[in-house]
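Per my numbering, residue 46 is the first one in the sequence shown, and the count goes up by one each step.
Positions of the beta carbon are idealized from the N, C-alpha and C atoms, including for glycine.
Treat the numbers as computed from the prediction; the structure is a model and nothing was measured.
Reviewing the structure listed below.
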Amino acid sequence: MTGLSACCSTGYVHEGTPVGTFEDINGIRTYVSRPKGEYDKTKAFLILTDIFGVDLPNGQLIADAFASKVPVAVYMPDYLFGDPIPRTNMTLPADERKKRLDEWLARHGKDVTAPAVDKVIEGLREKGVKEFAAIGYCLGARYVVDLCVSSPPVLSAGAVAHPSLLEVPDDLHALNASTVDFLWLHMLQDFVFTKDKQELAKEITKNNEKQVHADFDAGHGSANRCDPNNPQERKGADDAFDKTVAWLKERFMSK
Numbered sequence: 046m047t048g049l050s051a052c053c054s055t056g057y058v059h060e061g062t063p064v065g066t067f068e069d070i071n072g073i074r075t076y077v078s079r080p081k082g083e084y085d086k087t088k089a090f091l092i093l094t095d096i097f098g099v100d101l102p103n104g105q106l107i108a109d110a111f112a113s114k115v116p117v118a119v120y121m122p123d124y125l126f127g128d129p130i131p132r133t134n135m136t137l138p139a140d141e142r143k144k145r146l147d148e149w150l151a152r153h154g155k156d157v158t159a160p161a162v163d164k165v166i167e168g169l170r171e172k173g174v175k176e177f178a179a180i181g182y183c184l185g186a187r188y189v190v191d192l193c194v195s196s197p198p199v200l201s202a203g204a205v206a207h208p209s210l211l212e213v214p215d216d217l218h219a220l221n222a223s224t225v226d227f228l229w230l231h232m233l234q235d236f237v238f239t240k241d242k243q244e245l246a247k248e249i250t251k252n253n254e255k256q257v258h259a260d261f262d263a264g265h266g267s268a269n270r271c272d273p274n275n276p277q278e279r280k281g282a283d284d285a286f287d288k289t290v291a292w293l294k295e296r297f298m299s300k
């Protein structure tokens, strides 16, 4: 399994003013950002956060950015129930970060967290949503994969950025057998889903046109917690976002 490591709890808090709102979706606190113009209310795009949860400004700003670029409502559920890793963890020594991360993860297994994601999807279906796409960052990638390989798949399209907690190679084979459009956002300096695992994912899925791989010269966490003052990291984050927007329009919105 690609576990969580100390680098999963590093990164930078981004500045900006979120424009979305928190709403109760079937009992789950959820950050929601909607396009300003007309959009297809039968589709929804989910963001499943990393261990820092929905209250870190980064995820909210990303949700707003997606809603401004793609005509779809964006939903980011608090599947950590208000108990994310504290952002102060970012500045601790690596051994202390890992210790606290292991303690935190023991309280946030799939049996606790996954039902919250399911409840949001159920609640949105009751509101008329018929198709779902999702992106998962780090920890959130685990849930995106599960929603793609379920029978039948819950998602029409799924994407992951620097994923963690994947079973390699089992999840790769399961995704290759899935009918879901899938986008891999590979960070070439990722110390969790490492280069050898990225190459294995490409090899296993090389004959599957629904599987799309994109490489970025950045590290774990860069897609949503990059150093905004580091040009290389910022470029990796911006390019990963732009790739996801283009992929969503082609593989989810146009169908």
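The beta-carbon distance between R296 and D226, rounded to whole angstroms, is 4 angstroms. This is short enough to meet the 8 angstroms contact definition.
The beta carbon of T250 sits closer than 6 angstroms to those of N221 and Q256, all from its chain and outside the five residues before and after it, given in chain order. Between A89 and V174 the beta-carbon gap is near 5 angstroms, inside 8 angstroms, which marks them as a contact. By the criterion of at least three beta-carbon pairs nearer than 8 angstroms, the segment 256 to 268 is not in contact with the segment 157 to 169.
By the Cβ neighbour-count rule, P208 is buried, with 16 or more other Cβ atoms within 10 Å of its own. Nearest to P198 by alpha-carbon distance, out of D147, G72 and S223, is S223. In the three-state reduction of the DSSP assignment, D163 falls in the helix class, which pools H, G and I. Per DSSP, V205 is one residue of the beta strand (DSSP E) stretching across A202 to A206. Short of 6 angstroms from the beta carbon of A202, and not among the five residues preceding or following it, lie these beta carbons of its own chain, in chain order: A178, D226, R296 and F297. Under the three-state reduction of DSSP, S78 is assigned to strand. In this structure, A161 places its C-beta atom within 7 angstroms of the C-beta atom of Y124.
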